[in-house]
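In my numbering, the protein residues as written are 2 to 55. No residue lacks a Cβ here, since even glycine has one placed at the ideal position from N, Cα and C. Remember, it's a predicted structure, so these values are computed and weren't measured experimentally. Structure record follows, encoded as structure tokens.
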């Protein structure tokens, strides 16, 4: 998943914490590292991080 670079800090500080990597000005989350059972929590965390950027 590719998000704006500014989403990295809110993801790391959120609950649950999501540990993305920043590369070429983007925040990247490797979904191969996330169990399918955690998809909803990851989606909620990404939405919250993006809402905080507005």
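Are residue i and residue j close, meaning C-beta to C-beta below 7 Å?
i          : j          : result
residue 6  : residue 28 : yes
residue 19 : residue 46 : yes
residue 14 : residue 50 : no
Does the beta-carbon of residue i have 16 or more other beta-carbons within 10 angstroms, so that it is buried, or is it exposed?
i          : result
residue 17 : exposed
residue 8  : buried
residue 4  : buried
Could you give the C-beta distance for residue i and residue j, rounded to a whole number, given that I count them as a contact under 8 Å?
i          : j          : result
residue 21 : residue 30 : 5 Å
Leaving out five residues before and five after residue i in sequence, what residues of the same chain have Cβ atoms less than 6 Å from its Cβ?
i          : result
residue 54 : 7
residue 32 : none
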